[in-house]
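Remarks on the structure that follows.
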Amino acid sequence: MLHSLKAAPGSRKARKRVGRGSSSGTGTTAGRGTKGQQARTGKGRRFGFEGGQTPLVRRQPKLGGFRNPNSVSHEVVNVGDLEKHLDAGTYDVDALRASKLVRTGKQVKLLSRGEVKKKFDITVNAASKAAVAAIEKAGGKVTLM
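Sequential numbering of the sequence shown, starting at 40, is according to my numbering.
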């Protein structure tokens, strides 16, 4: 049974032999047309070649730089913001988020812009030395997570 299987008619096309004399139908130019870059031997052109025009890859600007995948960005809260918007007391990052002083899920850094007179016990991810000094001067305490 298997020895008698044959391909369907027209499904197997014979390879055309080119460049084998003018009476073969594909002699002389062998289907490459007359003259020009594609008619020459070794006709392959390198990837991205645009005929001598400056290629797209070279027309683009050379953008350098590097983005550190381990960088940590902080949302800033100033001591003046604490004084203005909150009552004296104990606060951590979640409490600052609840009070809408911190709006993103980023880490929180306390900075020293503004004045503080109320006593705050605050827990944040980072704080400047000046901010810690300002809070402690008002009788509060800064704890880093």
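Here a beta-carbon is modelled for each residue, glycine too, at the ideal position from N, C-alpha and C.
A direct Cα-Cα distance of roughly 7 Å separates Ser167 from Ser151. The beta carbon of His113 is closer than 8 Å to those of Lys145, Gln146, Val147, Lys148, Asn164, Ala165 in its chain, skipping five residues each way along the sequence. In this structure Val155 is in contact with Glu122, their Cβ atoms being roughly 5 Å apart against a cut-off of 8 Å. Here the C-alpha atom of Met40 lies approximately 43 Å from the C-alpha atom of Gly60.
Phe159 sits buried, since 16 or more C-beta atoms from the chains shown fall within 10 Å of its C-beta. Look at Ala78 here: in three-state DSSP terms it is helix.
For Leu102, the number of other beta carbons within 10 angstroms of its own is below 16, and it is reported as exposed. When secondary structure is reduced to three states using DSSP, Asp120 falls in the helix class. His124 is positioned such that its CB atom lies no closer than 7 Å to that of Leu135. Counting along the chain, Asp160 sits inside the beta strand (DSSP E) bounded by residues 159-163. As for any alpha helix (DSSP H) of minimum length 4 sitting wholly inside the region 52-103, the runs are 95-98, ordered along the chain. Cβ-Cβ separation between Arg85 and Ala78: approximately 18 Å, too far for a contact (criterion under 8 Å).
In this structure Val96 is not in contact with Gly104, their Cβ atoms being roughly 18 Å apart against a cut-off of 8 Å. Cβ atoms of Gly66 and Gly58 come within 8 Å of each other, at about 6 Å.
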